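Numbered according to the UniProt record's numbering, the sequence shown spans residues 1 to 726.
All residues carry an ideal CB built from backbone N, CA and C; glycine is no exception.
Computed from a predicted structure; not experimentally measured.
A quick write-up on the structure given underneath.
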Amino acid sequence: MATLLYRLGRASMRRRRLVAVAWLVVLVGLGIAAATLKGPTASNFTMPGTESQRAIDLLADRFPAASGATGTIAVKAPQAGQLLSPEGQTVVRQVTQEAATLPGVVGAVDPYQVKALSPDGRYALIQVQFQGRADDVTDEQRTAYEKVGARAEAQGWQIAPGGEVLNAEPEVGSTEALGVLVAAIVLVVTFGSLVAAGMTMLNALIGVGVGMAGLFALSGAVELTSTAPILALMLGLAVGIDYSLFITSRHRQNLLDGLSPEEAVGRAVGTAGSAVVFAGATVVIALAGLAVVDIPFLTVMGLAAAGTVTVAVLVAITLAPALLGFAGRRVLTRKLRGRAAVESDTTGSEDRSGFGFRWAHWVTRLRIPVILVGLLGLGLLALPAQDMRLALPDAGAAPAGTPARVSNDLIQEGFGPGFTGRLAVVVTADSAQATAAAVPQVTALIQKTDGVLAVAPPQLDPTGRTALLGVIPKTGPTDEATETLVHDIRRQVAGIGEADVLLTGVTAIGIDVSEKLSDALPVYLLLVVGLSILLLMLVFRSILVPVKAALGFLLTVAATFGITVAVFQQGHLADLVGLDTPGPLISFLPILLIGILFGLAMDYEVFLVSRMREDFVHGDTARQATINGMGHGARVVTAAALIMISVFGGFVFLDDPVIKSMGFALAVGVAIDAFVVRMTIVPAVMSLLNNAAWWLPRWLGKALPNVDIEGEGLRAHLAEKIPART
């Protein structure tokens, strides 16, 4: 592979104008396709096969009027008891009538008819039924809904429209651009050259542009969740910058070794490019592997992100060499350009006074204390993870001041938390008589279930065969007691044989989704760990090195979960990330985090340990090879990690709590894995294992294919000719 990439790198530099034009054509073409074919994103999470989803599908078939999105308008009178006065009733009914006549609305329920009034006569709830799903509601319809009750508000009333209809996709704005700016600064400091930093950033931005344009072009045919493009953008930026950084760094070193620009870029792509291809492949495999958990929206998110990473790899091994050809020797600082060519690494005369070498000497000398302190520290950080709770976010987790949050808080203030997470029970049978007979039984069973506050009268479809009952729990939608209540209700009504009884609603859907994801988490984790051991065994031709890498990955995941739970669920230091309401983690965060961190962890493992193996194979002692690997890779890996942390951290400043938690967890995970695990614990363990780290049974060595990640084949190819010197 290294030899093939070497030739590709040289060819891309020689035909740099053609390569650059080709990528620009692809970018423009996909941009036009995205603008014309882009479809809407989905803010709801469906889970085929769950009871709640079966109920939704059944309602869409038999009771379409009740299958659309719902809205709840919270009304607060200026004074207690005012809702019961003639003037108050007039105001509320005017608001109800206004809501009923909105575009896209099927009807609005008069709160006086269903007794949706607080005991003190100050609060009322107006239920609004929309024709389509929340994702089908247009921006114009949503805006009109948010403006309901303007006349009443002018009279001192508080009108707060809310409900699932206000679900909207998160906006990407200027806050995350701060992360890109920090990444640019890191590049400038690392290279000391504006040309090198700018070229690396340009390469990554073109890759992100191509990946995102292709994703949006496909969104008209494939339903994307609202978080899928954000995740793809987040990962595409981070790995795009990092992969270009690795190749540019090796190219600069080759130039300093006296190679011509074309030879330097060829060898850079052949060596660092091989590591980029492997690292990118691990990320893609991990993300595409999300499909094995058989959760459609998660599969789409994984494939979308995997697509942008694939583009980032292709751009890095083709466009980056082309841009390096345009830059020439300007990728070096003026001081380095004027410096005489240094001897190659094999002479042993390179500067070993840098921080990477000094850090490696210190870590290997104190390896036992370093390992113990590292394990103890990460173990303590992981402790909060044992209390981790998963749920889909409700309006109570929305940013303070947003319409959804204002409505949610007003409902809780007047009625209690249960009214923000109402459940829906669908009763259906083959005949209207059977349904009519089953409804009283279902109502009685639900009413005597602990945790139920009230059961609303049934709504019947035109045929009378399907009934819909509203259930008000005593606790909020993400409360652990509500999860218990959902299971209790399902057990209570399971014995009714005359009709099918299904429990659904936004709250029940969230619980079902979270439970299915929790069940899939151990399976996926086992798959990822097994995959990491297999892949690294192919790369490093060792048994203990892959096992050590997998254990380090598990440490990273555990500590990341612990810190994320402490901040986002328990609320410690929540103000620092702009989180005003702690709560359960978004249900798909752990499994998504495992997939992404696995790929990124393998990035750093490959870039550091491949140099260790290279020097060990060429005669260095195991300890010296470990020091060499750290000394040569520490600066680049540090810069790469800081860039990823900056890009991911930029998304923490978004208001959306889901994106905020994803950005935070990824930034923390990269920091822990790069600086604590890969650059501290790994060299200490490698030094402790000594020669045993590279042991591989002979029979296994013969069975394993040689992927040549260090470029052994390339060196043999280059040995047959004299490399061009400047």
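First and last residue of the alpha helix (DSSP H) that includes residue i?
| i | result |
| --- | --- |
| residue 129 | That residue, residue 129, is in no alpha helix (DSSP H); its beta strand (DSSP E) goes 123-130. |
| residue 293 | Looking at the DSSP string, residue 293 is not in any alpha helix (DSSP H), and its letter there is neither H nor E. |
| residue 567 | Premise fails: residue 567 is in no alpha helix (DSSP H) and is neither H nor E. |
| residue 682 | 682-689 |
| residue 179 | 177-191 |
Quick check on the DSSP output: the beta strand (DSSP E) that includes residue i runs from which residue to which?
| i | result |
| --- | --- |
| residue 73 | 70-76 |
| residue 32 | Careful: residue 32 lies outside any beta strand (DSSP E), inside the alpha helix (DSSP H) at 16-37. |
| residue 258 | Where residue 258 is concerned, there is no enclosing beta strand (DSSP E), given that its DSSP letter is neither H nor E. |
| residue 392 | That residue, residue 392, is in no beta strand (DSSP E); it is neither H nor E in DSSP. |
| residue 466 | 466-473 |
| residue 674 | From DSSP, residue 674 is part of no beta strand (DSSP E); its letter is neither H nor E. |
| residue 730 | Outside the modelled stretch of the chain, which goes from 1 to 726, sits residue 730, for which no answer is possible. |
Give the single residue among the options whose Cα lies nearest to the Cα of residue i.
| i | options | result |
| --- | --- | --- |
| residue 292 | 520, 497, 177 | 520 |
| residue 365 | 693, 686, 29 | 686 |
| residue 231 | 447, 663, 110 | 663 |
| residue 63 | 186, 464, 250, 263 | 464 |
| residue 147 | 647, 161, 136 | 161 |
| residue 38 | 113, 224, 199 | 224 |
| residue 656 | 703, 646, 580, 622 | 580 |
| residue 497 | 468, 438, 203, 447 | 438 |
| residue 422 | 330, 451, 249, 399 | 451 |
Tell whether a beta-carbon distance below 7 Å holds between residue i and residue j.
| i | j | result |
| --- | --- | --- |
| residue 674 | residue 242 | no |
| residue 737 | residue 458 | Since the first residue of the chain shown is 1 and the last is 726, residue 737 is not available in this structure. |
| residue 442 | residue 493 | yes |
| residue 95 | residue 152 | yes |
| residue 9 | residue 280 | no |
| residue 317 | residue 270 | no |
| residue 378 | residue 585 | no |
| residue 577 | residue 503 | no |
| residue 568 | residue 431 | no |
| residue 163 | residue 131 | no |
| residue 434 | residue 499 | yes |
| residue 144 | residue 128 | no |
| residue 591 | residue 485 | no |
| residue 513 | residue 47 | yes |
| residue 277 | residue 237 | no |
| residue 309 | residue 646 | no |
I need the DSSP call for residue i, collapsed to helix, strand or coil.
| i | result |
| --- | --- |
| residue 345 | No answer about residue 345 holds up, because its pLDDT of 41 lies below 50 and its placement is not dependable. |
| residue 307 | helix |
| residue 619 | coil |
| residue 500 | strand |
| residue 534 | helix |
| residue 418 | helix |
| residue 340 | Only weak support exists for where residue 340 lies, its pLDDT of 38 falling under 50; the coordinates are left without a value. |
| residue 725 | Annotation note: pLDDT 44 at residue 725 (below 50); position unreliable, coordinate value reported separately. Note: residue 725 maps to strand in three-state DSSP. |
| residue 563 | helix |
| residue 80 | coil |
| residue 221 | coil |
| residue 155 | coil |
| residue 10 | helix |
| residue 2 | helix |
| residue 456 | coil |
| residue 384 | helix |
| residue 586 | strand |
| residue 706 | coil |
| residue 402 | coil |
| residue 657 | helix |
| residue 333 | coil |
| residue 111 | coil |
| residue 482 | helix |
| residue 162 | strand |
| residue 96 | helix |
With a threshold of 6 Å, establish whether the CB of residue i neighbours any heavy atom of the ligand ZN.
| i | result |
| --- | --- |
| residue 148 | With respect to the ligand ZN, the structure shown offers nothing to examine, as it has no ligands at all. |
Across the stretch 597-614 and the stretch 269-288, are there enough close Cβ pairs to call them in contact, namely three or more that are closer than 8 Å? yes
Any 3 or more C-beta pairs closer than 8 Å across the stretch 405-414 and the stretch 450-457: no
Would you check if there are 3 or more beta carbon pairs closer than 8 Å linking the stretch 20-33 to the stretch 201-213? yes
Can you confirm whether the stretch 526-533 touches the stretch 82-93 when touching is taken to mean that 3 or more C-beta pairs between the two stretches lie within less than 8 Å? no
Tell me whether the stretch 324-335 and the stretch 6-20 touch, counting them as touching only if at least three CB pairs, one residue from each stretch, are closer than 8 Å. yes
Does the pairing of the stretch 67-81 with the stretch 116-133 give three or more beta-carbon distances under 8 Å? yes
Three or more C-beta pairs under 8 Å: does that hold for the stretch 542-551 against the stretch 692-699? yes
Contact the stretch 289-305 vs the stretch 616-631: 3+ CB pairs below 8 Å: no
Say whether the stretch 556-564 touches the stretch 382-402, bearing in mind that this needs 3 or more beta-carbon pairs closer than 8 Å, one atom from each stretch. yes
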